[in-house]
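Report on one structure; see the data block that follows.
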Amino acid sequence: MVDPAAAAKGKKDDDNASAIAEKLLQGWTMLAEYCPVEGCQTPLMRSREGKRFCVAHDMFVMSPEEAAAMKRDGKGVAGIEASSPTHAAPAPRPAERIDFYRQLKDGSSPSTIPEPVVADAAPTPPTTTTTALPSTATDACDARVNVDAVARATMDTVARKMSDARALLAVSASLSESHELLAFIEMCASTIKTLRETPPSRG
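When we follow our numbering, the leftmost residue of the sequence shown carries the number 1414, and every step to the right adds one.
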């Protein structure tokens, strides 16, 4: 019998890997850092604007430098809470991008390749900061192992997307559609190459 908790964790890991793959295709970078929220060991992503983001919580988090700047300015956590909403604004998730991946999954030809999304304004960072690190060596080791596991899962996800696009390219009769599919395949290949060249975490 399948353990419900293990099944739920596996699904969440797959969802996180898919979200990371999507961010990588948007030009974001996966960092060798993980979410500071207690119990979350998801690798952080860095947006094109340099903001850190956790795909598991769908929110931006403060960097150590930003936290230090807050302390120097005398604002502290209380100041952040007074000026920030309770929940951080989620990263943009346009319907056309979601629809594009759904079309790939269903095996139909997407009408266009979605452009990378750049937020109009950087969301207000939540009160959580990346200065809160695990207190034990075991937690830190588990997090580093998790970063490697998510990186591998992300490569698998991107590879599947690239294979789906290749299958669509093989039957496409449209030059414009073929051009878009080739561009998407090139992005996937570049992302996989970047992930393979990332040095493994060391304990």
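Note that beta-carbon positions come from the ideal geometry of N, C-alpha and C, so glycine has one too. For clarity, every value in this text was computed on a predicted model and none was experimentally measured.
Item to check | Bridge partner(s) assigned by DSSP for V1474 | outcome: Here residue 1474 refers to the residue found at position 61 of the sequence shown. In the DSSP output, where bridge partners are listed per residue, V1474 has R1465.
Item to check | Residues bridged to M1458 [DSSP beta-bridge criterion] | outcome: Residue mapping note: residue 1458 aligns to position 45 of the sequence shown, counting from 1. Assignment of beta-bridge partners to M1458 by DSSP yields M1443 and F1466.
Next on the checklist: For A1445 and V1584, what's the separation of their Cα atoms in angstroms?
Outcome noted: As a first step, residue 1445 must be located in the sequence shown, where it is residue number 32. As a first step, residue 1584 must be located in the sequence shown, where it is residue number 171. Approximately 39 Å between the Cα atoms of the pair.
Checklist entry - When you compare only the Cα positions, how much space is there between E1479 and L1588? => result Reading the sequence shown from its first residue, position 66 is the one you call residue 1479. Reading the sequence shown from its first residue, position 175 is the one you call residue 1588. Roughly 47 Å between the two C-alpha positions.
Checklist entry - Using DSSP with H/G/I as helix, E/B as strand and the rest coil, what is P1586? => result Position 173 of the sequence shown holds residue 1586. Note on residue identity: the sequence assigns Ala, not Pro, to residue 1586. Note: A1586 maps to coil in three-state DSSP.
Item to check | E1590 versus R1579: straight-line alpha-carbon distance, rounded | outcome: As a position in the sequence shown, residue 1590 is number 177, starting the count at 1. As a position in the sequence shown, residue 1579 is number 166, starting the count at 1. Each residue's Cα considered, the two are about 12 Å apart.
Next on the checklist: Looking at the ligand FAD, does it come within less than 7 Å of Q1454, judged from the CB to the closest heavy atom?
Outcome noted: This structure does not include the ligand FAD; it has no bound ligands of any sort.
Item to check | Distance, L1581 Cα to S1496 Cα | outcome: To locate residue 1496, count along the sequence shown from 1; it is residue 83. To locate residue 1581, count along the sequence shown from 1; it is residue 168. Low confidence applies to S1496: its pLDDT is 41, below 50, so where it sits in the model is not reliable, and the reading given next is rough at best. S1496 and L1581: Cα-Cα distance of roughly 48 Å.
Checklist entry - Which stretch, first to last residue, makes up the alpha helix (DSSP H) that contains G1452? => result The sequence position of residue 1452 within the sequence shown is 39, counting from 1. No alpha helix (DSSP H) holds G1452; DSSP gives it neither H nor E.
Checklist entry - Are there three or more Cβ pairs, one per stretch, closer than 8 Å when the region 1565-1572 is compared with the region 1417-1433? => result Contact between the region 1565-1572 and the region 1417-1433 is present, because at least three Cβ pairs lie under 8 Å.
Item to check | DSSP three-state assignment for G1423, whether helix, strand or coil | outcome: Locating residue 1423 in the sequence shown gives position 10, where the first residue counts as 1. The answer is helix: DSSP assigns G1423 an H, G or I state.
Checklist entry - Under the three-state reduction of DSSP, which class applies to D1569: helix, strand or coil? => result Within the sequence shown, residue 1569 is the residue found at index 156, counting from 1. Helix, per DSSP.
Checklist entry - Among A1586, R1465, H1592 and D1471, which has the Cα closest to the Cα of K1425? => result Here residue 1425 refers to the residue found at position 12 of the sequence shown. Ranking the options by Cα distance to K1425, first place goes to D1471.
Item to check | Of the residues P1477, V1474, V1450 and P1456, the one placed nearest A1434, counting alpha carbons only | outcome: Working through the sequence shown from its first residue, we reach residue 1434 at position 21. When only C-alpha atoms are compared, the closest one is P1456.
Next on the checklist: Between M1443, L1437, P1417 and Q1439, which has its C-alpha nearest D1561's C-alpha?
Outcome noted: Numbered from its first residue, the sequence shown carries residue 1561 at position 148. M1443 is the residue among M1443, L1437, P1417 and Q1439 whose C-alpha sits nearest the C-alpha of D1561.
Checklist entry - Grouping DSSP H, G and I as helix and E and B as strand, with all else coil, what is D1561? => result For the purposes of this step, residue 1561 is taken as residue 148 along the sequence shown, with counting starting at 1. When DSSP states are grouped into helix, strand and coil, D1561 belongs to the helix group.
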